[in-house]
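Visitor:
2 protein chains.
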Amino acid sequence: MFESAELGHKIDKKTYDKEAPKLRADLLDAQFDVGELKKFPVIILINGVDGAGKGETVNLLNAWMDPRHIQTHAFPPPSDEERERPFMWRFWRALPPRGKIGILFGNWYTDPIVNRVIKVTKAADLDQSIEEINRFEQMLADEGALILKFWFHLSKDAQRKRLKALEKDKDTRWRVTKADWEHFAIYDKFRAVSEHALRHTSTGVAPWIVVEGADEQYRSLTVAKILLDAMRKRVDQEKKGARRVAVSAPPPPPAADRRDLINSLDMKLALTKKKFDKELEKYQGRLNLLTRNPKFKERSLICVFEGSDAAGKGGSIRRITGALDARQYAIVPIAAPTEEERAQPYLWRFWRHAPRIGRVTIFDRSWYGRVLVERVEGFAREEDWMRAYAEINDFEDQLVRSGAIVAKFWLAITAEEQLKRFKEREKTRFKRFKITEEDWRNRKKWNDYEHAVCDMIDRTSTEIAPWTLVEANDKLHARIKVLKTLCDRIESALRE
Amino acid sequence: MFESAELGHKIDKKTYDKEAPKLRADLLDAQFDVGELKKFPVIILINGVDGAGKGETVNLLNAWMDPRHIQTHAFPPPSDEERERPFMWRFWRALPPRGKIGILFGNWYTDPIVNRVIKVTKAADLDQSIEEINRFEQMLADEGALILKFWFHLSKDAQRKRLKALEKDKDTRWRVTKADWEHFAIYDKFRAVSEHALRHTSTGVAPWIVVEGADEQYRSLTVAKILLDAMRKRVDQEKKGARRVAVSAPPPPPAADRRDLINSLDMKLALTKKKFDKELEKYQGRLNLLTRNPKFKERSLICVFEGSDAAGKGGSIRRITGALDARQYAIVPIAAPTEEERAQPYLWRFWRHAPRIGRVTIFDRSWYGRVLVERVEGFAREEDWMRAYAEINDFEDQLVRSGAIVAKFWLAITAEEQLKRFKEREKTRFKRFKITEEDWRNRKKWNDYEHAVCDMIDRTSTEIAPWTLVEANDKLHARIKVLKTLCDRIESALRE
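So the protein lines, in turn, are chains D and S. Residue numbers for the first sequence follow this note's numbering, so the first one is 1 and each next one is one higher. Residue numbers for the second sequence follow this note's numbering, so the first one is 1 and each next one is one higher.
1) Using a 10 Å radius around the Cβ and a threshold of 16 neighbouring Cβ atoms, would you call Glu143(S) buried or exposed?
2) Applying a beta-carbon distance threshold of less than 8 angstroms, which residues of chain D neighbour Thr338(S)?
3) Identify whether Val470(D) lies in helix, strand or coil by the three-state DSSP scheme.
4) If you reduce the DSSP assignment to three classes, tell me which class Pro333(D) lands in.
5) Can you find the residues in the same chain that come closer than 8 angstroms, C-beta to C-beta, to Asp188(D), ignoring five residues on each side of it along the sequence?
6) Assess, as a yes-or-no matter, whether the segment 20-31 of chain S is touched by the segment 166-177 of chain S under the definition of 3 or more beta carbon pairs within less than 8 angstroms.
7) Under DSSP, the beta strand (DSSP E) around Ser264(S) begins and ends at which residues?
8) For Pro253(D), decide whether its Cβ has a neighbour in chain S, counting only Cβ atoms nearer than 8 angstroms.
9) Between which two residues does the beta strand (DSSP E) harbouring Gln71(D) extend?
10) So the candidates are Ala407(S), Ala206(S) and Tyr16(S); which of them puts its Cα closest to the Cα of Glu463(S)?
11) Since I believe Ile405(D) is in contact with Ala493(D) (beta carbons under 8 angstroms), could you give me their beta-carbon distance rounded to a whole number of angstroms?
12) Using a 10 Å radius around the Cβ and a threshold of 16 neighbouring Cβ atoms, would you call Lys149(S) buried or exposed?
13) Tell me the residue span of the beta strand (DSSP E) that contains Phe136(S).
14) Report yes if the C-beta distance between Ala415(S) and Ser316(S) is below 8 angstroms; otherwise report no.
15) Is it buried or exposed, Phe409(D), if we count other Cβ atoms within 10 angstroms and call 16 or more buried?
16) Quick check on the burial criterion: 16 or more other C-beta atoms within 10 angstroms. Buried or exposed for Trp151(D)?
17) Give me, in chain order, the residues of the same chain whose beta-carbon lies closer than 7 angstroms to that of Trp491(S); leave out the 5 immediate sequence neighbours on both sides.
18) Of the residues Gly241(D), Tyr329(D) and Gly285(D), which one's Cα is nearest the Cα of Lys297(D)?
19) Using a threshold of 8 angstroms, state whether the C-beta atoms of Arg318(D) and Val58(S) are closer than that.
20) According to DSSP, is Glu497(D) part of a helix, a strand, or is it coil?
21) Would you be able to state if there are at least three C-beta pairs under 8 angstroms between the segment 33-49 of chain S and the segment 57-74 of chain S?
22) Count the other CB atoms within 10 Å of the CB of Ala25(D); is the residue buried (16 or more) or exposed (fewer)?
23) Assuming Leu28(S) and Glu238(S) form a contact by the criterion Cβ under 8 angstroms, report the distance between their Cβ atoms to the nearest whole angstrom.
24) For the segment 280-304 of chain S, which residues have a beta carbon sitting closer than 8 angstroms to at least one beta carbon of chain D?
25) Hey, how far is the Cα of Lys434(S) from the Cα of Ala310(S)?
26) Cβ of Phe105(S) less than 8 angstroms from any chain D Cβ?
27) Residues in its own chain within less than 6 angstroms of Ile457(S) by CB, not counting five upstream and five downstream?
28) Going by DSSP, what residues sit across from Val360(S) in a beta bridge?
29) Quick check on Glu496(D): does DSSP put it in helix, strand or coil?
30) Taking 8 angstroms as the cut-off, does the segment 328-343 of chain S touch the segment 481-489 of chain S (at least 3 CB pairs, one atom from each stretch)?
31) Less than 8 angstroms between the CB atoms is what I'm expecting for Ala452(D) and Leu347(D), so what's the real figure, rounded?
32) List the whole-angstrom C-beta distance separating Ile133(D) from Glu279(D), where the pair is believed to meet the contact cut-off of C-beta under 8 angstroms.
33) On the criterion of 16 or more Cβ atoms from any shown chain inside 10 Å, does Thr172(D) qualify as buried, or is it exposed?
34) Of all Cβ atoms in chain S, is any one closer than 8 angstroms to the Cβ of Glu216(D)?
35) Please report the straight-line C-alpha distance between Leu95(D) and Met65(S), rounded to a whole angstrom.
36) Enumerate in chain order the residues of its own chain whose CB-to-CB distance from Trp92(D) is below 7 angstroms, with the five nearest sequence positions on each side excluded.
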């Protein structure tokens, strides 16, 4: 991958001086169009070897375009708030919103490559990282991001010459540190690992662009032209309304015999009040102890509640929080996204609520809205919700690997039970229980929702983050099943 | 202040059982109304002595109301991201948006009181904190927040009895730690300092409510009733549209002789291109060195740019960023607030961008919009922008005391120069330079803006964060003056 970037590319000063001013003006214009359209973010990754002009290029892009609409992020050692969350959290945090340019200097490639070079990780770890990165970048592209990945390269020989030249001049000698020569000593290893990583992450939606870094003029014109071209093309596409072609397999139809996970549940399950009171005390006590276990301080807990309207999500959540210290948990009720959230990839608004270790976050509705309400109501296109299953699994995988315990509950009630609850609510004096037009509308699509729920469970009930189906026609049974399941999950997690 | 809370208040079980259910239902209803109105946030502060039921009360409020719309924040030792910003940053971060309830357990009172008790600070420090808190809470109230400050109290005797009782029972003995007796030993000191703090922070808009904590039933009913009453009253007021009365002094008129800071500037000041090039190199070099100075790593830099349309803010900013490493700075262009920002006090959207130490943040327009465009266009009511001057000074004072260097620039051009620039821009091929209808409209209010600018400078040019008036009819002169001023400010700050 690096051969073409070792040819000694050069641009003479005259050509540069001729081309640069026009390029700058065109870049500014293209940036303005990106900002005005607000249809997609531009994500620029800056990677490569030392001394190949990474920092200079970042400064150049800021100087040539309008820096007010560029967000540059370097990633020094993570803060404690970052360290206590999944690896990718800090990068999600740094994603530019639609209409802006984000330059990520050092990014999700840095640790996987460097750790492999210095043998902190194994080849298999690098390959796992590569797979994850590919899935992540595919998601970004599917969400509309324009991704440009620049790798700045210097041949071994050019690197040696550069360091020697710096050392020779008494004004620049201080710039060459011991670390520089140490890096040089592992040049071959770094090159081999990088080549492997680049080859396997050069995808159709986010290919690597390797730039020879030795000649500043060549480097600058090359990067600027590629960026300009990519922004221009994308702006034109968007203006023409040329949507990419849907590329998802058709969603599976409901089972031919209509037997499914939901209608196979035993909806008669119920508890007496007496039994409930006893069990409630028991499991709330257990849950309280578990969350005060010293081992829990190294984990976090994420509970997801989904269910039809009036299925009793709120009531179940309160039986959990009743066992916890209010300082420990946060409840995130999911409603329509805010404008800051709409300017980001779908999962961004859930990533921002990922808990630090030792904490509990309860989602009242969640990222599963994508494959439930958005699917059924047609708010998301088919190819978008079809890809969501895999994206969600990836998201939860990262949460779990960072130490989170993820417990997901589907509260199932029958259509008859829902009708009964709606009617009861219509009678109550409390406005907060009033049934809206929308609630009645949703009921009409009962079968569509049931189909969507079954697909969701089939595709996202994983070993690391399984769904629990809760027969919720009887509220008492439902609440205890939720609590018991939660206790069991935490207990087994803390035993690990 | 504590006498009434040492009377041994008690509520018997029967009364409690009778009153509690109705209170819960009413609280839920009031909470629902607050959430539906979305006009104001409810901020509940929980403070007081150990063992007086603070944690229990927080849990109770979460249990009695809908915990999905309550945000509870405890404040353990600050994270590094918090430590590297002003003291109040973590509290701003935790403020609930309009329509939500925020319970702040441990808050801006904790450190000032505790530090005084253990004599880390002096009496004068506490008094300074008190004054700042009063101004902060006044601002919250002016922004519409409903503030409830609960202080949970136990008499010394009750405290001793409580600890003894816990120690006597073998099941609870573990709960009494050495720290508890140590706290008890300084009970009198703690009481005296707290009393002083409470007395001086019990204001009309945010009085303290001291609750005797010994009897759980008394405590619970008391807090619940006060909260219910406060929410109800406020909801009713809002529904009636009863705005509080404007209480600001009238803004001063322009000087009788029309001489002011702006029209006294020498707008002929200019530089030749040759001189500019030389100076640019000199000051950019100096600025670059200054921001790489090891001492700068313990400071941060905040630049504020204000000026009429076409005054050259963007160009001046680019001459600064041209001297910096792009990884070090962030530029925050201020446009209309997002909905998340609109749900918070005015200054919230600027607080969220407060830089960590070692970093540079440049605001292209800023919090001064409140006293410029919002004043002139009537977007803010007179009493709101009149109080903004003091709020802004408080904000900048906190920034500076946390180590920030705050440099504010007003780029002044004459009406004639603006007209010339507008006309030039109309001819350009670049869409990004197009003049909008709004630009022409703003011009018509030139005198109003000039008056507002002079008031702003009079009221917010402080010793710690002075304004620099920049004669900007000549762009070259303006850019150099900005750079030079910035270098001087940083140099003198690093010498401190």
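From the three backbone atoms N, C-alpha and C, an ideal C-beta is built for every residue, glycine too.
Guide: Here's the rundown:
1) buried
2) Correct list: Thr338, Glu339 and Glu340.
3) strand
4) strand
5) Lys156
6) no
7) Counting along the chain, Ser264(S) falls outside any beta strand (DSSP E), and DSSP gives it neither H nor E.
8) no
9) Its beta strand (DSSP E) spans residues Ile70 to Ala74.
10) Ala407(S)
11) 5 angstroms
12) buried
13) No beta strand (DSSP E) contains Phe136(S), which is instead part of the alpha helix (DSSP H) from Ala123 to Asp142.
14) no
15) Its Cβ being crowded by 16 or more others within 10 Å, Phe409(D) is buried.
16) Counting every other CB atom within 10 Å of its CB across the protein chains shown gives Trp151(D) a total of 16 or more, marking it as buried.
17) For clarity, residue 491(S) is Glu in the given sequence; the question names Trp instead. Only Leu290 meet the Cβ criterion.
18) Tyr329(D)
19) Contact: no.
20) The structure shown does not extend to residue 497(D), since chain D is modelled only from 1 through 496, so no value can be given for it.
21) yes
22) exposed
23) At roughly 19 angstroms, the Cβ-Cβ gap does not stay under 8 angstroms, so Leu28(S) and Glu238(S) are not in contact.
24) Those residues of the segment 280-304 of chain S that come within reach of chain D (Cβ to Cβ, closer than 8 angstroms) do not exist; the list is empty.
25) Straight-line measurement puts the Cα of Ala310(S) at about 11 angstroms from the Cα of Lys434(S).
26) yes
27) Excluding sequence neighbours, Ile457(S) sits near Leu261 and Trp467.
28) Leu301(S) and Tyr329(S)
29) coil
30) Verdict: no, contact absent.
31) About 18 angstroms separates the two Cβ atoms, so there is no contact after all.
32) About 46 angstroms; that fails the 8 angstroms criterion.
33) exposed
34) no
35) The alpha-carbon of Leu95(D) is positioned some 36 angstroms away from that of Met65(S).
36) For Trp92(D), the CB contacts under 7 angstroms within the same chain, skipping 5 residues up- and downstream, are Trp348 and Trp351 in chain order.
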